[in-house]
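In this note's numbering, the protein residues as written are 216 to 417. Note that CB positions come from ideal geometry on N, CA and C, so glycine has one too. Beneath this line is the structure, given in structure tokens, with notes to follow.
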């Protein structure tokens with residue numbers, strides 16, 4: 216929901232840093248893999264109840280996720296880079312709810328499972344439409360330059376990171392936050408499917 220609005224604010228500094236990293240010889244794919252490592256380390260820290268460490272690593276993961284695209288724009292965008300970016304993002308988004316479930320199985324495991332289900336539904340609506348959009352040569356730059364058609368929704372990257380950060384700051388309310396965001400994700404999935412039905416019927 217907020218991704219398109221914050222793009223004009225975050226892209227210029229990211230692009231400036233991306234050009235410097237590209238000039239230093241760092242590849243976009245290397246940053247993507249580094250980001251995944253940071254994200255998985257965040258999940259381990261959260262599972263071990265080191266929530267502040269997990270929060271810092273989580274934010275570092277998101278910085279890397281922004282920088283890999285900036286480096287790609289400064290050099291060359293590739294299908295491999297786009298593939299790695301999406302796969303690593305989905306692994307990260309799945310790892311964090313799992314980490315909270317492992318941290319407190321009795322209190323948050325069910326809520327984490329519901330959240331993961333909502334991510335699954337949202338991901339299916341999002342990625343399947345991207346395949347169909349590619350077949351029809353549909354394009355959009357609303358969410359910035361992407362390797363695939365990015366169908367916006369209520370629950371996107373910015374909201375997900377805010378929720379994960381909130382879970383780290385308010386661990387006593389993890390289940391409530393997870394249920395609330397799962398509901399938003401499911402609404403987003405339904406909205407994406409409705410949009411896809413309209414666009415694909417055209």
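- By the 16-neighbour rule on beta-carbons within 10 angstroms, residue 347 is exposed.
- Exclusion of the five residues before and after residue 376 leaves 277 as the residues of its chain whose Cβ lies within less than 6 Å of its Cβ.
- Leaving aside the five residues that flank residue 379 on each side, the residues in its chain whose CB is nearer than 7 Å to its CB run, in chain order, 273, 311.
- Between residue 247 and residue 299, the gap from beta carbon to beta carbon is short of 8 Å.
- Comparing alpha-carbon positions, the option among 336, 316, 283 lying closest to residue 259 turns out to be 316.
- One alpha carbon belongs to residue 405, the other to residue 332, and they sit about 13 Å apart.
- Listed in chain order, the non-local C-beta contacts of residue 304 below 7 Å within the same chain comprise 280, local neighbours out to five positions each way being set aside.
- DSSP places residue 263 outside both helix and strand once states are collapsed to three, so it counts as coil.
- Here the alpha carbon of residue 275 sits roughly 10 Å from the alpha carbon of residue 249.
- Cβ-Cβ distances below 6 Å link residue 408 to 340 in the same chain, with the five nearest sequence neighbours on each side left out; the list follows chain order.
- Note that the C-beta distance between residue 390 and residue 322 is below 8 Å.
- Under the three-state reduction of DSSP output, residue 319 falls in the coil class, being neither helix nor strand.
- Taking every protein chain shown into account, the CB of residue 385 has fewer than 16 other CB atoms within 10 angstroms, so this residue is exposed.
- CA-to-CA, the gap between residue 411 and residue 398 works out to about 20 Å.
- Taking the CA atoms as reference points, residue 268 sits about 8 Å from residue 261.
- Contact between residue 336 and residue 401 holds, since their C-beta atoms are separated by about 6 Å, short of 8 Å.
- In this structure, residue 286 places its C-beta atom within 8 Å of the C-beta atom of residue 241.
- Judged by beta-carbon spacing, residue 307 lies beyond the 8 Å limit of residue 229, meaning their Cβ atoms are not closer than that value.
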